[in-house]
Structure formats: structure tokens, C-alpha cells
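> Would you mind keeping the following structure in view while I ask a few things?
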Amino acid sequence: MNAERIISGCGFFLRLDAQRRERLASLAEARTFARGQVIFRQGDDPAGLFIVATGLVRVYQLGPSGKEHVLHLAGPGMTFGEVAVLGDFPAPAFADANRKTTCLLLPSGALRATLRSDHELCLQVLGSMAFWVRHLVGLLEGIVLRDAAGRVAHWLLDQVSEGRTTIELPSQKKDIASHLNLTSETLSRTLRQLREDGLIEEPTGQRIVIKSPERMREVAEGFFPRV
Numbered sequence: 010m011n012a013e014r015i016i017s018g019c020g021f022f023l024r025l026d027a028q029r030r031e032r033l034a035s036l037a038e039a040r041t042f043a044r045g046q047v048i049f050r051q052g053d054d055p056a057g058l059f060i061v062a063t064g065l066v067r068v069y070q071l072g073p074s075g076k077e078h079v080l081h082l083a084g085p086g087m088t089f090g091e092v093a094v095l096g097d098f099p100a101p102a103f104a105d106a107n108r109k110t111t112c113l114l115l116p117s118g119a120l121r122a123t124l125r126s127d128h129e130l131c132l133q134v135l136g137s138m139a140f141w142v143r144h145l146v147g148l149l150e151g152i153v154l155r156d157a158a159g160r161v162a163h164w165l166l167d168q169v170s171e172g173r174t175t176i177e178l179p180s181q182k183k184d185i186a187s188h189l190n191l192t193s194e195t196l197s198r199t200l201r202q203l204r205e206d207g208l209i210e211e212p213t214g215q216r217i218v219i220k221s222p223e224r225m226r227e228v229a230e231g232f233f234p235r236v
């Protein structure tokens, strides 16, 4: 596993120069998790900041009734566990491997020591955290202000890179529904409505093709059929 290459492809560390990427790579430890394996539990002391190399990680909380709410689905190039590490408090959520997953771990103590000794690196990481907070605010805004169709449309658009319209769903639909604060039935009904309206195709259960990105954006902003 090439730690420096993985860090270079990680959005959280996108602003780092080569020297600082190399420095972080020297701290990294490889970790492999089997499908369903718990990586950490809510309340655990933070082991460190994780970067997903391959696979998929669910970050979730449990309600009083035991119901899961998926906060984050972290795929290759994405991070998780950073909040507890940088804030130096217990993990605020659970994390498990949705499939066989390999990660880089930047251990808490070594990472904090490196940040203390390199003010420029610390500022760059703070900037990345600010972007992450802005992203979370956007997610919360979407859940609070958008109806089911708007949430699903916005999420689908967020999954495609520029110029592409095919999405390989990263996780089971029940996890995606939980992430969007929807029931599985509502997600299925919403996808069916989008399909009937000619906005998407579903060649397979895990693949979705957006037929009209422009119309999909209208749904995401609340200007098209509601479900």
C-alpha cells in the first residue's frame, strides 16, 4: 500500500504540499477490516484519523430504540474519525466496514504531535475541517428543507463526477435511505417516481443512470414533481 499516494488522493489533505504528505505518510499504518467488522464504537477513545483506500465504511449512530442512522458513507479517498482525533474527545459515532475495506490510520498521538510542531500543516488541516463542517451543514439543510424527492435527487447528483451520469450505488439502499433520513419504502417509492417521470433508469439494482441532469437539478431544488 502506497501511503503517500493514498494521502495525495484524499480530499481532506488535498491542499498539502509534497513534503507534508510525505511526513504524514511516515506516520501511517495499514489496517484491513472484514465485512461487518466494527472499526470503533461510540464512546471509544479515538485511535486516529482513517483514510479509506479500498472498500466502504459506514459511520452511524444508534437511537434509543436501537435504530441506526447513517451519518456518513466513506469510500476510497475519504476520511472518517477525524472529528474525535482533532477535538480530543471520545468517538461520537460507530463505524463499521460495509465490505472488505483497507484503510490508512494516522494514529492520534503521532498526528497531534505533528500538528503541534508544524503550524502551517495545522492551518491546512483546520481549513479542511472547515470545508467538512460546511459539507455537513449542507447535508443537514438538505434533510430539513427538502422533501423526499429533493433529497434523493440532490444525493444522486452529488454522486456523479462532472460529465458522467452513471452511478454505482456505494451501499445497500437501506443505508442510503438512513443517510437521507428516509425509510427504505420511501426511497424505493421515490426512485420509482423518478424512473416513471423519465429522469432515471435502473439497469440493475445497484446502478442508476441519470437521463436528464438538468431536470434532476430542478427536482433537487424543488421545482419538479414531488413524491
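Here the sequence shown is numbered in the working numbering, starting from 10 and rising by one per residue.
Using N, Cα and C, we set each Cβ at its ideal position, and we do this for glycine too.
The model shown is predicted, which means the values in this text are computed figures rather than measured ones.
So, at 6 Å on beta carbons, what are the nonlocal neighbours of T175 in its own chain, with the 5 sequence-adjacent residues on each side left out?
These residues qualify, in order along the chain: V218.
> With 16 other CB atoms within 10 Å as the buried threshold, where does F59 fall?
The residue in question, F59, is buried, as its Cβ has 16 or more Cβ neighbours within 10 Å.
> Any beta carbon of chain B sitting closer than 9 Å to that of T195?
In summary, chain B is missing from the structure at hand, where a single protein chain is found.
> Along the chain, where does the beta strand (DSSP E) containing G57 start, and where does it finish?
G57 to T63 is the extent of the beta strand (DSSP E) around G57.
> Starting from D105 and walking both ways along the beta strand (DSSP E), at which residues does that stretch end?
Segment F103 to A106, the beta strand (DSSP E) holding D105.
> Quick check on the burial criterion: 16 or more other C-beta atoms within 10 angstroms. Buried or exposed for P99?
When all chains shown are included, P99 counts as exposed.
> For the stretch 110 to 125 against the stretch 212 to 231, do three or more pairs of beta-carbon atoms, one drawn from each stretch, fall closer than 8 Å, so that the two count as touching?
The answer is no - the stretch 212 to 231 does not touch the stretch 110 to 125, with fewer than three Cβ pairs under 8 Å.
> Would you mind giving the Cβ-Cβ distance between R201 and E210, rounded to the nearest angstrom? I have them listed as a contact below 8 Å.
In fact, because the Cβ distance is near 12 Å, the residues do not count as touching under 8 Å.
> Are N107 and R67 touching if we call contact CB-CB under 9 Å?
Yes, the pair counts as a contact, with Cβ atoms nearer than the cut-off.
> Could you name the residues of the same chain whose beta carbon sits closer than 7 Å to that of L36, not counting the 5 residues immediately before and after it, in chain order?
Result list for L36: L115, P116, A119, L120 and T123, in chain order.
> Q215: which of G231, D206 and D184 sits nearest, CA to CA?
Of the candidates G231, D206 and D184, the one whose C-alpha sits nearest the C-alpha of Q215 is D184.
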